[in-house]
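Worksheet for the structure shown next.
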Amino acid sequence: MQSLEFDDLRIEIFAPHAPSFTKEAASAPIIYLHALEFSAASVGEIYELVSRQSGANFVLAAVYLNETQWGDKLSPWAAKSPFKGVRDFAGGGAAHLEKFTDELIPRIEQHVFGAGEPAWRACAGYSLAGLFSAYAAFASDKFQKIACVSASFWFGGFDAFVAAHSPQRGLTHVYASLGEAEMNPKNPRGALCGETARNFIAKCRSAGAKAEFEQNPGGHMQDEIARISKALLKLVNS
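Okay, so the sequence shown: first residue is 5 according to my numbering, each after it adds one.
Next comes the structure, spelled out in structure tokens:
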């Protein structure tokens, strides 16, 4: 594992035979995972788990955010928070996506691959980072694969955004999952979450991607490591 600093972000890179980054890493795919900084230990566990179960070489670049950055940088537009005690979303997602793809990704990939390129590139995340990954499927052509784990598909206006836009044609594989309790049809937010997730998957299929939707037992803050590992394993094995 190696660490990089980029403006106000810290990045950890997990790769085959790190930290030397041999030529085995140069032919590997790369997955970008946005994560809260206090979950850094879990990211290493996820990488080891997926590497062991897949037997594949891949690079995992974890982009860590603090709690304020989480709501500011990953929300695609400004929106009211539906949760008591949680501040409204600042809507910095579009600006972050642009800087992420135009500046951060080239720096990371030059560090890892030198003059080479990854076999493919993915954007993945849990909760609001999962929503950001879904947004990236529509707003950026830099990613061939997307994983949205327990994504915040209830986010204000995202259902309308999915209905009005199409994913990028370069997508080959999209995976989304939600906990069954997150989709509770008796709860308006849960019903919206499930409906938006299914519409998102349908849109990705219509764009030619292999698109999978999976339901997991339980609610939102449950089995995060297992759920993220399952999602990344799906991408690596496809």
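Glycine included, each C-beta is placed from N, C-alpha and C at the ideal position.
Open item on the list: Looking at residue 145: is its Cβ nearer than 9 Å to the Cβ of residue 114?
Closed with: no
- [ ] Check whether the Cβ atoms of residue 104 and residue 36 lie closer than 9 Å to each other.
- [x] yes
Open item on the list: Excluding the 5 residues flanking residue 188 on each side, which residues of the same chain have their C-beta closer than 6 Å to its C-beta?
Closed with: 194
TODO: Give me the Cα-Cα distance between residue 175 and residue 69, rounded to the nearest whole angstrom.
DONE: 26 Å
Task: Distance CB(residue 198)-CB(residue 139) smaller than 9 Å - done: no
Open item on the list: Please state whether the Cβ-Cβ distance between residue 213 and residue 177 is less than 9 Å.
Closed with: yes
Task: Member of 60, 65, 238, 191 whose CA lies at the smallest distance from the CA of residue 48 - done: 65
- [ ] Assign residue 24 to one of three DSSP states: helix, strand, or coil.
- [x] Residue confidence is low: residue 24 scores 49 on pLDDT, short of 50, so the model does not pin down where it sits. Its coordinate-derived value is still stated next. Reduced to three states, the DSSP call for residue 24 is coil.
Task: Contact under 9 Å by Cβ, residue 152 with residue 235 - done: yes
Open item on the list: Considering only their Cβ atoms, is the gap separating residue 15 from residue 229 smaller than 9 Å?
Closed with: no
Task: Test item: CB-CB of residue 92 and residue 83 under 9 Å - done: yes
Open item on the list: Between the alpha carbons of residue 94 and residue 237, how many angstroms are there, rounded?
Closed with: 32 Å
Task: Minimum length 4: unbroken alpha helix (DSSP H) runs contained in the segment 76 to 128 - done: 97 to 103, 109 to 117
TODO: Along the beta strand (DSSP E) that carries residue 53, what are the first and last residues, could you check?
DONE: Looking at the DSSP string, residue 53 is not in any beta strand (DSSP E); the run it does join, the alpha helix (DSSP H), is 44 to 58.
Task: residue 200 burial status per 10 Å Cβ neighbour count (16 or more: buried) - done: buried
Task: Three-state secondary structure assigned by DSSP to residue 73 - done: helix
Open item on the list: Here's the rule: buried if 16 or more other CB atoms are within 10 angstroms of the residue's CB, otherwise exposed. What is residue 110?
Closed with: exposed
Open item on the list: Using only CA atoms, which one of 190, 165, 158, 126 lies nearest to residue 147?
Closed with: 126
- [ ] Identify, in the order they occur along the chain, each residue of the same chain with its Cβ nearer than 6 Å to the Cβ of residue 7, setting aside the five sequence neighbours on each side.
- [x] 16
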